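Engineer: Here the sequence shown is numbered in my numbering, starting from 35 and rising by one per residue.
Each residue gets a CB set at the ideal place from its N, CA and C atoms; glycine is no exception.
Predicted, not measured: the structure shown is a model, and the values here were computed from it.
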Amino acid sequence: MRAVVITKHGDADVLQVQERPSPSLRPGAVRIDVRASGVNFADVMARLGLYADAPPLPSVVGYEVAGTIGEVAPDVVGLAVGDRVVAGTRFGGYAEQVCADARDVIPLPDSLSFEQGAAIPVNYATAWAGLVGYANLLTGERVLIQAAAGGVGIAATQIAKHCGAEVYGTASPGKHDAIRGFGVDVALDYRKRGWDSGLPPMDVIMDAIGGESLRRSYGQLRPGGRLVAFGASSVVAGDKRNLLRAAPQALRMMRGFNLIDQMSESKTVIGLNMLRLWDDRGTLEPWITPLRELIENGVVAPVVSDAVPFADAPEAHRILTERRNVGKVVLVP
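1) DSSP beta-bridge partners for E319?
2) Excluding the five sequence neighbours on either side, which residues of its own chain have a C-beta within less than 6 Å of the C-beta of F216, listed in chain order?
3) Taking the alpha-carbon positions, what's the R250 to G258 distance?
4) Report yes if the CB atom of Q180 is closer than 8 Å to the CB atom of A242, and no otherwise.
5) I need the straight-line Cα distance from L82 to D237, nearest angstrom please.
6) Based on DSSP bridge pairs, tell me the residues matched to Q131.
7) Tell me the start and end of each unbroken beta strand (DSSP E) in the region 127 to 206 that is at least 3 residues and wholly inside, in chain order.
8) Leaving aside the five residues before and after L255 along the sequence, list all residues of the same chain whose C-beta is less than 7 Å from its C-beta, in chain order.
9) What do you get for T123, buried or exposed, if any count of 16 or more other CB atoms within 10 angstroms of its CB means buried?
10) Can you list, in chain order, the residues of its chain with a C-beta nearer than 6 Å to that of L325? Leave out the 5 residues immediately preceding and following it.
11) Can you tell me whether V338 is helix, strand or coil according to DSSP?
12) Helix or strand or just coil, what does DSSP make of K209?
13) For W229, count the other beta carbons within 10 Å of its own beta carbon; 16 or more makes it buried, fewer makes it exposed. Which is it?
14) Does any residue of chain D have a CB that is nearer than 8 Å to the CB of H351?
15) Take the Cβ of G116 as the centre, count every other Cβ of all protein chains shown within 10 Å, and call the residue buried at 16 or more, exposed below.
16) Look up L261 in the DSSP assignment and give the residues it is bridged to.
17) Can you give the Cα-Cα distance for S145 and V337, rounded to whole angstroms?
18) Alpha carbon to alpha carbon, what distance is there between S147 and E330?
19) Looking at I40: is its Cβ nearer than 8 Å to the Cβ of V48?
20) Output the boundary residues of the beta strand (DSSP E) element that contains G101.
21) Please report the straight-line C-alpha distance between L172 and C197, rounded to a whole angstrom.
22) Just to confirm before moving on: does the CB-CB distance between V73 and A350 stay below 8 Å?
23) Whose CA, out of S93, V64, G174, lies closest to the CA of H43?
24) If the criterion is Cβ atoms closer than 8 Å, does the pair V38 and Y128 meet it?
Pasting the structure below:
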């Protein structure tokens, strides 16, 4: 089978299409013939050598796929050959075939394309875990979503609106009409100096930027507010690591996040790493299963920015790092 391989740490051109052995079916799993693979910022971090949990090189990354089931282990029930599905894969998703734990697989309705399906497992599980599972978002609360035009940002907007929240979202000005169309009530230009001045205090903030942004987000919380930190895109500048800027940002971020401050201000900082939760539980099931109802009810409406052929995988990564996407970037075999 063909797979997109990280051959060494470096810029996007280290991604190469290579022939790899097809995965062997294991108990409790299904083999999926992949029609689309989700591209996530964690994949970029792995390519740059900044993701400690990434598999050793040369490696095939990719957390999520959509496709049809090609083979089912004898001990699996409820899934059949030919079913349209989406799945969390915990690496290996950038390939024409992948094996996934049956617990991490949910049906893909005919109303959604395979490209849309590949946008569901990571983005929507992250948004659901952050907003509902850990921040316990309530009807009428106010939410700020950083990077609202990205895959998780759009997912978080849809879930927050489903919960009855008022949604503020950051994006560059050219994306404001788009994020309003996704459900953002107030669009904010994060490039404008002082963009956060005069904003009302927030109940929940979803922050994928990291660095100095986390301190700013923490200060924007009202008493009882919850900050969900789930990314560090500020570490990357264009297609390269940005460690010189990231190091001082990290030091500044650490000041003001001690337990005494949180206790006295009645604020909560929640770190969210879906891979760590996945490893601890042994499955993505607690966060992917609730998505089935959202899909069936039309709450989940994935937006695909770009569907990029395997051969052009470097371009898929550049679209992400250069912030050109409005929605999910996926790879197609």
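Structural biologist: Considering the structure as presented:
1) Numbered from 1 along the sequence shown, position 285 holds the residue referred to as residue 319. The partner list for E319 (beta bridge, DSSP) is empty, contrary to what the question assumes.
2) Taking the first residue of the sequence shown as 1, we reach residue 216 at position 182. Excluding residues within five positions, the ones whose Cβ falls inside 6 Å are I188, T191.
3) Against the sequence shown, residue 250 aligns to sequence position 216. Against the sequence shown, residue 258 aligns to sequence position 224. Each residue's Cα considered, the two are about 16 Å apart.
4) Locating residue 180 in the sequence shown gives position 146, where the first residue counts as 1. Locating residue 242 in the sequence shown gives position 208, where the first residue counts as 1. Yes; because the gap between Cβ atoms is below 8 Å, this pair is in contact.
5) Residue 82 sits at position 48 when you count from the first residue of the sequence shown. Residue 237 sits at position 203 when you count from the first residue of the sequence shown. Each residue's alpha carbon lies about 34 Å from the other.
6) Walking along the sequence shown from the start, residue 131 turns up at place 97. Per DSSP, the beta-bridge partners of Q131 are D67.
7) Within the region 127 to 206, complete beta strand (DSSP E) segments of at least 3 residues are found at 131 to 135, 139 to 141, 176 to 179, 200 to 205, given in chain order.
8) The count along the sequence shown starts at 1 and reaches residue 255 at position 221. If we look at L255 and ignore the five residues flanking it on each side, its Cβ neighbours are P235, M236, I239, L261, K301.
9) On the sequence shown, residue 123 is found 89 positions in, with the first residue counted as 1. Buried, because 16 or more other Cβ atoms sit within 10 Å of the Cβ of T123.
10) Locating residue 325 in the sequence shown gives position 291, where the first residue counts as 1. Exclusion of the five residues before and after L325 leaves Y158 as the residues of its chain whose Cβ lies within less than 6 Å of its Cβ.
11) Translated into positions along the sequence shown, residue 338 becomes position 304. V338 falls in the strand class under three-state DSSP.
12) Indexing the sequence shown from 1 puts residue 209 at position 175. DSSP, read as helix, strand or coil, puts K209 in helix.
13) On the sequence shown, position 195 is the one that residue 229 refers to. With fewer than 16 other Cβ atoms within 10 Å, it is exposed.
14) The structure shown has no chain D; it contains just one protein chain.
15) Position 82 of the sequence shown, counted from the first residue, corresponds to residue 116. By the neighbour-count rule (16 or more Cβ atoms within 10 Å), G116 is not buried but exposed.
16) Along the sequence shown, one-based indexing puts residue 261 at 227. In the DSSP output, where bridge partners are listed per residue, L261 has I239, V303.
17) Locating residue 145 in the sequence shown gives position 111, where the first residue counts as 1. Locating residue 337 in the sequence shown gives position 303, where the first residue counts as 1. A direct Cα-Cα distance of roughly 13 Å separates S145 from V337.
18) Reading the sequence shown from its first residue, position 296 is the one you call residue 330. Reading the sequence shown from its first residue, position 113 is the one you call residue 147. Those two C-alpha atoms are separated by around 14 Å.
19) Residue 40 sits at position 6 when you count from the first residue of the sequence shown. Residue 48 sits at position 14 when you count from the first residue of the sequence shown. Their beta carbons are under 8 Å apart, which means I40 touches V48 by this criterion.
20) As a first step, residue 101 is located in the sequence shown; it is residue number 67 there, counting from the start. Unbroken beta strand (DSSP E) run through G101: 98 to 106.
21) Here the question's residue 172 lines up with position 138 in the sequence shown. Here the question's residue 197 lines up with position 163 in the sequence shown. Cα atoms of L172 and C197: separation of roughly 7 Å, rounded to the nearest angstrom.
22) Translated into positions along the sequence shown, residue 73 becomes position 39. Translated into positions along the sequence shown, residue 350 becomes position 316. Against a cut-off of 8 Å, the Cβ pair of A350 and V73 comes out as a contact.
23) As a position in the sequence shown, residue 43 is number 9, starting the count at 1. Minimum Cα distance to H43 is reached at S93.
24) Position 4 of the sequence shown, counted from the start, is the residue given in the question as residue 38. Position 94 of the sequence shown, counted from the start, is the residue given in the question as residue 128. Against a cut-off of 8 Å, the Cβ pair of Y128 and V38 comes out as a contact.
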